[in-house]
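Residue numbers (my numbering): 13 to 158. See structure below.
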């Protein structure tokens with residue numbers, strides 16, 4: 013885009029810039045010999061040699077604590093009372109044959125009814141789906157079966 017200012021205004025701007033450049037060159041330059049030299053710092057090194065005795069070895073005496081007595085808690089298990097089978101099927105006691113309600117051993121050598129997950133401390137069986145909460149109102153779990 014062309015400059016739309018009149019020609020005489022453009023000449024004044026260029027002239028002013030030239031004058032400032034000339035003044036700065038005349039007064040801004042300094043002769044290095046005319047200026048006083050800056051003081052230079054002097055470096056002084058001092059070394060002092062002294063003989064220091066060798067450090068004595070550090071001896072640390074620690075008292076070893078006496079061994080603590082070993083405490084062993086032994087809990088004797090009472091033989092479990094005959095298991096009481098709590099069936100939710102509500103079958104009558106007169107049924108016989110192969111559906112004995114889990115009171116007989118059903119092969120495999122297990123002594124607990126089929127479907128039980130735990131034996132409670134009071135002798136009852138738990139049919140809980142998970143270990144958490146099994147036998148919570150029966151004194152805790154004595155044995156988990158699966």
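Note that CB positions come from ideal geometry on N, CA and C, so glycine has one too. Treat the numbers as computed from the prediction; the structure is a model and nothing was measured.
I'd like to know whether the C-beta atoms of residue i and residue j end up nearer to each other than 7 Å.
{"i": "residue 158", "j": "residue 136", "result": "no"}
Check each candidate in the options and name the one with the smallest Cα separation from residue i.
{"i": "residue 88", "options": "75, 133 and 32", "result": "133"}
Quick one: residues in its chain with C-beta nearer than 8 Å to the C-beta of residue i, no 5 flanking neighbours on either side, listed in chain order?
{"i": "residue 153", "result": "130, 131, 132, 133, 138, 143, 146 and 147"}
{"i": "residue 141", "result": "129"}
{"i": "residue 92", "result": "131, 135 and 154"}
{"i": "residue 59", "result": "none"}
{"i": "residue 15", "result": "22"}
Which residues bound the beta strand (DSSP E) around residue i?
{"i": "residue 154", "result": "153 to 156"}
{"i": "residue 130", "result": "130 to 132"}
Would you mind reading off the limits of the alpha helix (DSSP H) that contains residue i?
{"i": "residue 17", "result": "Element bounds for residue 17: n/a, residue is neither H nor E."}
Please classify residue i: is it buried, with 16 or more other beta-carbons within 10 angstroms of its beta-carbon, or exposed?
{"i": "residue 53", "result": "exposed"}
{"i": "residue 107", "result": "With a pLDDT of 40 at residue 107, under the threshold of 50, the predicted position of this residue should be treated as unreliable, and no value is reported."}
{"i": "residue 51", "result": "exposed"}
{"i": "residue 79", "result": "exposed"}
{"i": "residue 125", "result": "buried"}
Between residue i and the rest of its own chain, which residues show a CB-CB distance below 7 Å, the 5 nearest in sequence each way excluded?
{"i": "residue 150", "result": "132, 133, 134 and 136"}
{"i": "residue 17", "result": "none"}
{"i": "residue 83", "result": "none"}
Less than 6 Å between C-beta atoms, sequence neighbours within five positions excluded: which residues of the same chain meet that for residue i?
{"i": "residue 38", "result": "none"}
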